[in-house]
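These protein sequence lines are chains U and S, in that order.
Taking the numbering used here, the leading residue of the first sequence gets 610, the next gets one more, and so forth.
Taking the numbering used here, the leading residue of the second sequence gets 610, the next gets one more, and so forth.
Protein chains: 2
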Amino acid sequence: MKASRMLISTLKETPSEAVIPSHILLLRSGMIRKEVAGVYNYLPLGLRVLNKVEDVIREEMNNAGSLEILASAIQPKELWEESGRWYKYGPELMRLKDRHGREFCLGPTHEEIFTDLVRNEVKSKKQLPMSIYQIQTKYRDEFRPRFGLMRSREFIMKDAYSFDVDVKGLEESYQNMYDTYTRIFNRFHLKFVPVLADTGAIGGNGSHQFMALSEYGESDIIYCEECGYAADQEKAETKPDTYRNDEAELPKEEVATPCEGTIEDLAKFLNCSPKDIAKSVLYRDLAHKQLVLVLVRGDREVNEIKIVNALDCAEFELVLASDEDLKTLGTSAGFMGPIGLNVDKILVDEELVSQKNFFVGANKKDFHIKNVNYGRDFTGEVAQFRKSVAGDLCKECGKPVKMERGIEVGQIFKLGTKYSEPMKCTYTDDDGTNKPMVMGCYGIGVTRTMSAIIDQYHDDFGIKWPLNVAPYHAVVVPVNYKDETQKNVANDLYKKLLDLHVEVVLDDRDERPGFKFKDWELIGLPFMVIVGKRAAEGIVEFKDRATLEKKEVTIEEAVKLINEAVKSI
Amino acid sequence: MKASRMLISTLKETPSEAVIPSHILLLRSGMIRKEVAGVYNYLPLGLRVLNKVEDVIREEMNNAGSLEILASAIQPKELWEESGRWYKYGPELMRLKDRHGREFCLGPTHEEIFTDLVRNEVKSKKQLPMSIYQIQTKYRDEFRPRFGLMRSREFIMKDAYSFDVDVKGLEESYQNMYDTYTRIFNRFHLKFVPVLADTGAIGGNGSHQFMALSEYGESDIIYCEECGYAADQEKAETKPDTYRNDEAELPKEEVATPCEGTIEDLAKFLNCSPKDIAKSVLYRDLAHKQLVLVLVRGDREVNEIKIVNALDCAEFELVLASDEDLKTLGTSAGFMGPIGLNVDKILVDEELVSQKNFFVGANKKDFHIKNVNYGRDFTGEVAQFRKSVAGDLCKECGKPVKMERGIEVGQIFKLGTKYSEPMKCTYTDDDGTNKPMVMGCYGIGVTRTMSAIIDQYHDDFGIKWPLNVAPYHAVVVPVNYKDETQKNVANDLYKKLLDLHVEVVLDDRDERPGFKFKDWELIGLPFMVIVGKRAAEGIVEFKDRATLEKKEVTIEEAVKLINEAVKSI
Chain U
610 MKASRMLIST LKETPSEAVI PSHILLLRSG MIRKEVAGVY NYLPLGLRVL
660 NKVEDVIREE MNNAGSLEIL ASAIQPKELW EESGRWYKYG PELMRLKDRH
710 GREFCLGPTH EEIFTDLVRN EVKSKKQLPM SIYQIQTKYR DEFRPRFGLM
760 RSREFIMKDA YSFDVDVKGL EESYQNMYDT YTRIFNRFHL KFVPVLADTG
810 AIGGNGSHQF MALSEYGESD IIYCEECGYA ADQEKAETKP DTYRNDEAEL
860 PKEEVATPCE GTIEDLAKFL NCSPKDIAKS VLYRDLAHKQ LVLVLVRGDR
910 EVNEIKIVNA LDCAEFELVL ASDEDLKTLG TSAGFMGPIG LNVDKILVDE
960 ELVSQKNFFV GANKKDFHIK NVNYGRDFTG EVAQFRKSVA GDLCKECGKP
1010 VKMERGIEVG QIFKLGTKYS EPMKCTYTDD DGTNKPMVMG CYGIGVTRTM
1060 SAIIDQYHDD FGIKWPLNVA PYHAVVVPVN YKDETQKNVA NDLYKKLLDL
1110 HVEVVLDDRD ERPGFKFKDW ELIGLPFMVI VGKRAAEGIV EFKDRATLEK
1160 KEVTIEEAVK LINEAVKSI
Chain S
610 MKASRMLIST LKETPSEAVI PSHILLLRSG MIRKEVAGVY NYLPLGLRVL
660 NKVEDVIREE MNNAGSLEIL ASAIQPKELW EESGRWYKYG PELMRLKDRH
710 GREFCLGPTH EEIFTDLVRN EVKSKKQLPM SIYQIQTKYR DEFRPRFGLM
760 RSREFIMKDA YSFDVDVKGL EESYQNMYDT YTRIFNRFHL KFVPVLADTG
810 AIGGNGSHQF MALSEYGESD IIYCEECGYA ADQEKAETKP DTYRNDEAEL
860 PKEEVATPCE GTIEDLAKFL NCSPKDIAKS VLYRDLAHKQ LVLVLVRGDR
910 EVNEIKIVNA LDCAEFELVL ASDEDLKTLG TSAGFMGPIG LNVDKILVDE
960 ELVSQKNFFV GANKKDFHIK NVNYGRDFTG EVAQFRKSVA GDLCKECGKP
1010 VKMERGIEVG QIFKLGTKYS EPMKCTYTDD DGTNKPMVMG CYGIGVTRTM
1060 SAIIDQYHDD FGIKWPLNVA PYHAVVVPVN YKDETQKNVA NDLYKKLLDL
1110 HVEVVLDDRD ERPGFKFKDW ELIGLPFMVI VGKRAAEGIV EFKDRATLEK
1160 KEVTIEEAVK LINEAVKSI
């Protein structure tokens, strides 16, 4: 491709909306453009990368025996009512009505559609196991879309669904996909870890997320170097701390705490550690119309996903209680506590069960209660409701865990019969009875994977695409295209590479060489051949984008270096 | 691919919803499945065809110098307000609101998005001409979706947009696309004609439709074998008939016509030809809040697209007047006429201007007026408002035109500055002034093209795919896969073809041979090799799907026949 005929839209400045490298570089290199918040257009260079990412995924999915189909983006409400998700999915589901008033959603995921398809097309046990996938545009109405392709409202996903006769079959299908995902993310040269994960709005009873490691990721990963345990922070479980669990219980007493502010402020006032205070957070559970008080140790954070799971409500149905709620209960923010508070439910983090003599709010402005003890002074449902953090002890082996940030690029789920049972997706067993198929589902965020690759492959000058997903493999840059010799050498080199099926750009633009070099470094093509003053001698400069190494080579050497690299993809 | 691992979902019976061959065969062969009215899922075989159709289009578009991008399906209302189409597009535009109440549509076409993109990215005259395209999912909320992929609500389109500095440039870009479309539809082996077309909701000042000829098409094509004139019936112009245009004008008189019914009934009662009566149709133009009476000769049909264009309203804004409207005007259905009727506008088909002494309704129940003449008795705006039909005389050369039905598979438009001017998509000219780019747009209905191919390539047994878009090139069918010899020969043949990169299926299913033959004839793979009793002698049967010819050949000959055909694609 000749650069003069391409749509090269590099930006010198970073658009103000972009704060993380992948978003900045996708915009600056002219791969994508924002249409509206969370909705992007892919320009020619970006689309080429997207297609290559899709092709790697497609090849591995086909090799794994999955069949590709293409389902509609529009999905009828009726199917989502059958599965019970029309309401449960909440405001992230983009809904619309057609001209006849019939309701639809734009699919954020396709469990209902695939289950419906298979229940209609597959009846015989002989046809199972079956795995079907698609690569398709999905919609999720994020409250605050951000970070470019990382958290967008229209995005491309590969979603696959497996249908087995029993749980044993599902385990095999699940492992097959686990291995396939490992191969896929390795082919993208990503540093990643598979971690135990919560199943969220998809449901089911087992899940792994594939996390590309990145300081710009939105997920926290808890992992143990000793035994290999790894889980998303939402899902992670660690051993409770043993802080002050061997003391005798002291009589409780009310103390004046005329101090409004954070737990840290209160600890300072009381001259104690935040750990000595129990933090009380009041939630409203919209699903069951109840007020729920959650207690964790003062230095801990509430893990809201664990609260959602304990209450069996949807994420959007758990909201912080309002000032009005507090007023009705006769308590006040900053002085709330479990004793004598008329809530529907109390959830207590397990650490507070063994810890002795802590402070809680007295439900009275400017007062706390001292020497409070679980069991004697209040009770509730006990489990891990705190977020695990680095330094907590591994539940499996007892060693301190570590924490890193990651980008969720894929997630796999054991759905079981969550969809097949209500939707009657069954097969006829040998004994003539109809049994629900046992399902799994498997997603890869295709556009997000593009982001994650950039995240791990960039430097101050731009993107450093791995060769197999680069928009083009190489660019030939004549320093002065008006110079006859340089022009001929560049044209000749370009033609030679094209003949070898190298995806190559000839930068024939009438621009300064520095301007061109900057463009290609930003765009991140793996190899650049600079045709300059020594062109007449048959000498050119060869530059490796990944290492920034530059060397003078003969034209033949340049061709050979590039050709060998491309053939080895 | 082994058939036992494929999702083959053929149907014996025709689903009741399907009435035309392409729809019937797409469903019966298991290429597509209906999700809801006008929304389909593509099963593995159908998706393979779709991908091949897309690839042909992609290759020709790339060769034509167009750059592929991928734009969002979701489009913000604001852009459609800039172009003035948010209201104008009417109820076919699928609209939705996000969680913040912001309004969007699901794009039926992308003029606004591409214009917005180019105005942001392209400033220099040096970058023009530019042509950009995408292959993408589109939405149109058809009132009555039907005929499978022919008129659906979610469909795949290739849409391209050209940006030039002037009208001369546009003419070249338009011709380039005209030629490219001709190449594309030739590669699909379609019998088609490019015809002059109305520009409809897209706008602009010149358009061609590419019509695949088909008795199941929804469009009527008027064409002249003599001079080559061809136009969509909506757009077609022919010479007015000269019926009774040399008579003297007679005094008009009221006649009693106690006869309710059709024009034919009335003609019978009056003992005249329907041609002697002027047909009056009353419309309400919602755009200008006016009542419009349209007159055509009694044997003619009103061409509503010509009315829409004359009134400069949108198609959905032209509706038949209600009984209430008629009542208010003091007239009655069946006895309506232009004389003394208090409407806002009268549109008169040109044929009635020269024709003498015809009948019109008297605006009084059971009465008509005889010997009415244009000019003397009433006036109005005159133009061709009738639909042209076979036998009318060609406007270009005077010979009688013919009429055939066709499927619109592509349409190209000269947009001019219809979008670039209001949306300020400009370039800086040499004199420093900003000038609007001159645009064209070019669509191909990708999924509809799939339908059109089936329409032209099928027989009583199923589809006869042209080799280059067939889901697979060939199938190897062992008559009895349990027979060791047949199994070995079939497996060997399958492997040989795979090694030659032939896309081949091995039908290893445990089914009767007749069942298997029927499946593959329905699915329409170009070549079938039947491995039967003479397998031990190295003899197999070779069957050509297009001709249904069957012959015994050696295994080597079968491989050679298929390989040569595939290599010649």
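Don't be surprised by glycine CBs; every beta carbon is placed ideally from N, CA and C.
Note that this is a predicted model, so its numbers are computed, not measured.
- Helix or strand or just coil, what does DSSP make of P1045 of chain U? Within the first sequence, residue 1045 of chain U is the residue found at index 436, counting from 1. The answer is strand: DSSP assigns P1045 of chain U an E or B state.
- With 16 as the cutoff for other CB atoms within 10 Å, does H897 of chain S come out buried or exposed? Counting from one through the second sequence, the residue named residue 897 of chain S turns up at place 288. Burial call: exposed.
- Message: Give me the chain S residues within the contact set of D750 of chain U, using Cβ-Cβ distance strictly less than 8 Å, ordered along the chain.
- Response: Here residue 750 of chain U refers to the residue found at position 141 when the first sequence is read from its first residue. The answer, in chain order, is D707, R708.
- Item | Separation of N1077 of chain U from D1105 of chain U, as counted between CA atoms | Counting from 1 along the first sequence, the entry for residue 1105 of chain U is found at position 496. Counting from 1 along the first sequence, the entry for residue 1077 of chain U is found at position 468. What sits at residue 1105 of chain U in the sequence shown is Lys, not Asp. About 20 Å.
- Query: By Cβ distance, which residues of its chain are closer than 6 Å to G826 of chain U, with the 5 residues on each side in sequence left out?
  - Reply: Taking the first sequence and counting its residues from 1, one reaches residue 826 of chain U at position 217. Closer than 6 Å at Cβ, skipping near neighbours: R1014, G1015, I1016.
- Message: With three or more C-beta pairs closer than 8 Å as the rule, is the region 907-918 of chain S touching the region 872-888 of chain S?
- Response: yes
- Task: Count the CB pairs spanning the region 693-708 of chain U and the region 698-710 of chain S that are closer than 8 Å, and state whether there are at least three.
- Result: yes
- Task: Keeping to the same chain, check which residues put their C-beta closer than 8 Å to that of L935 of chain S; ignore five residues upstream and five downstream.
- Result: Residue 935 of chain S sits at position 326 when you count from the first residue of the second sequence. Cβ within range, chain order: L891, S941, A942, M945.
- Below 6 Å CB to CB, which residues in the same chain sit around L635 of chain S once its five sequence neighbours on both sides are set aside? Walking along the second sequence from the start, residue 635 of chain S turns up at place 26. Correct list, in chain order: I641, G757.
- Task: Go to A1174 of chain U, then tell me how far its alpha helix (DSSP H) extends in each direction, as first and last residue.
- Result: If you number the first sequence from 1, residue 1174 of chain U lands on position 565. That run of the alpha helix (DSSP H) goes 1164-1176.
- Alpha carbon to alpha carbon, what distance is there between Y770 of chain U and F723 of chain U? Reading the first sequence from its first residue, position 114 is the one you call residue 723 of chain U. Reading the first sequence from its first residue, position 161 is the one you call residue 770 of chain U. Cα-Cα distance, rounded: 7 Å.
- Task: In the DSSP assignment, find the unbroken beta strand (DSSP E) run with Y651 of chain U in it and report its ends.
- Result: Residue numbering aside, residue 651 of chain U sits at position 42 when the first sequence is read from its first letter. Note, Y651 of chain U: beta strand (DSSP E), 648-651.
- Message: Just to confirm, is the Cβ distance from T1192 of chain S to M1046 of chain S under 9 Å?
- Response: Given that chain S is displayed from residue 610 to residue 1178, the structure contains no residue 1192 of chain S and the question cannot be resolved.
- Query: Are the beta-carbon atoms belonging to Y852 of chain U and Q745 of chain U less than 9 Å from one another?
  - Reply: Locating residue 852 of chain U in the first sequence gives position 243, counting from the first residue. Locating residue 745 of chain U in the first sequence gives position 136, counting from the first residue. No, they are not a contact pair.
- Flag R762 of chain U as yes if its beta-carbon sits less than 9 Å from any beta-carbon of chain C, otherwise no. The question asks about chain C, but that chain is absent: this structure's protein chains are U and S.
- Message: At the level of alpha carbons, what is the spacing between N880 of chain U and D932 of chain U?
- Response: In the first sequence, the residue the question calls residue 880 of chain U occupies position 271. In the first sequence, the residue the question calls residue 932 of chain U occupies position 323. Cα-Cα distance, rounded: 29 Å.
- Task: Would you please state the rounded distance, in angstroms, between the beta carbons of E960 of chain S and D850 of chain S? I believe it to be under 8 Å.
- Result: Within the second sequence, numbered from 1, the residue matching residue 960 of chain S stands at position 351. Within the second sequence, numbered from 1, the residue matching residue 850 of chain S stands at position 241. 5 Å between Cβ atoms; contact.
- With 16 other CB atoms within 10 Å as the buried threshold, where does D1116 of chain S fall? As a first step, residue 1116 of chain S is located in the second sequence; it is residue number 507 there, counting from the start. It counts as buried.
- Item | Residue burial classification, H1067 of chain S (beta-carbon count within 10 angstroms, cutoff 16) | As a position in the second sequence, residue 1067 of chain S is number 458, starting the count at 1. H1067 of chain S is buried by the Cβ-count criterion.
- Message: So with CB distances below 9 Å, who are the chain U contacts of P685 of chain S?
- Response: Here residue 685 of chain S corresponds to residue number 76 of the second sequence, with the count starting at 1. Per Cβ cutoff of 9 Å: E644, V645, V648.
- Using 8 Å as the cut-off, classify the Cβ of A1155 of chain U as near or not near the heavy atoms of the ligand MN, replying yes or no. Within the structure as shown, the ligand MN is missing, as the structure has no ligands at all.
- Message: Counting beta carbon pairs with one atom in the region 682-691 of chain S and one in the region 730-740 of chain S, are three or more of them shorter than 8 Å?
- Response: no
- Go to G1025 of chain U, then tell me how far its beta strand (DSSP E) extends in each direction, as first and last residue. Locating residue 1025 of chain U in the first sequence gives position 416, where the first residue counts as 1. Looking at the DSSP string, the run of the beta strand (DSSP E) that includes G1025 of chain U is 1011-1025.
- Whole angstroms is fine: what's the gap from R1118 of chain S's alpha carbon to K1127 of chain S's? The sequence position of residue 1118 of chain S within the second sequence is 509, counting from 1. The sequence position of residue 1127 of chain S within the second sequence is 518, counting from 1. Using only the alpha carbons, I get a separation of about 13 Å.
- Task: Taking 8 Å as the threshold, find out whether the region 1026-1041 of chain S comes into contact with the region 746-756 of chain S through three or more Cβ pairs.
- Result: Verdict: no, contact absent.
- Who does P803 of chain S pair with in a DSSP beta bridge? As a first step, residue 803 of chain S must be located in the second sequence, where it is residue number 194. Answer is S:F819, bridged to P803 of chain S.
- Query: For the region 782-805 of chain S, which residues have a beta carbon sitting closer than 7 Å to at least one beta carbon of chain U?
  - Reply: none
- Item | Bounding residues of the beta strand (DSSP E) (the contiguous stretch that carries F1151 of chain S) | Locating residue 1151 of chain S in the second sequence gives position 542, counting from the first residue. Counting along the chain, the beta strand (DSSP E) containing F1151 of chain S begins and ends at 1148-1153.
- Would you identify the three-state DSSP class for H1110 of chain S, choosing helix, strand or coil? By 1-based counting over the second sequence, the position of residue 1110 of chain S is 501. Coil.
- Check each residue of the region 658-689 of chain S: if its Cβ is closer than 8 Å to any Cβ of chain U, include it; give the result in chain order. L659, G674, L676, E677, I678, L679, A680, S681, A682, I683, Q684, P685
- Message: So, under 8 Å CB-CB, K979 of chain S and C833 of chain S are touching, yes? Tell me the CB distance rounded to an integer number of Å.
- Response: On the second sequence, residue 979 of chain S is found 370 positions in, with the first residue counted as 1. On the second sequence, residue 833 of chain S is found 224 positions in, with the first residue counted as 1. That belief does not hold up - the Cβ atoms of K979 of chain S and C833 of chain S are roughly 37 Å apart, past 8 Å.
- With a cut-off of 9 Å, does the C-beta of F756 of chain S fall near any C-beta of chain U? Within the second sequence, numbered from 1, the residue matching residue 756 of chain S stands at position 147. Not one chain U Cβ lies under 9 Å of F756 of chain S.
- Applying a beta-carbon distance threshold of less than 7 Å, which residues of chain U neighbour R614 of chain S? Along the second sequence, one-based indexing puts residue 614 of chain S at 5. Near R614 of chain S (Cβ distances below 7 Å), the residues of chain U are G674.
- Task: Check the C-beta distance from E913 of chain U over to L956 of chain U and give it rounded, since I have them as a contact under 8 Å.
- Result: Residue 913 of chain U sits at position 304 when you count from the first residue of the first sequence. Residue 956 of chain U sits at position 347 when you count from the first residue of the first sequence. The pair is not a contact, with the Cβ atoms about 11 Å apart (cut-off 8 Å).
- Query: Just the Cα atoms here: how many angstroms apart are K996 of chain S and A673 of chain U?
  - Reply: Numbered from its first residue, the second sequence carries residue 996 of chain S at position 387. Numbered from its first residue, the first sequence carries residue 673 of chain U at position 64. Spanning the two alpha carbons is a distance of roughly 57 Å.
- Message: By alpha-carbon positions, which one of S:A1083, S:P1080, S:N1100 ends up nearest to N1089 of chain S?
- Response: Within the second sequence, the letter at position 480 stands for residue 1089 of chain S. For N1089 of chain S, the closest of S:A1083, S:P1080, S:N1100 by C-alpha to C-alpha distance is S:N1100.
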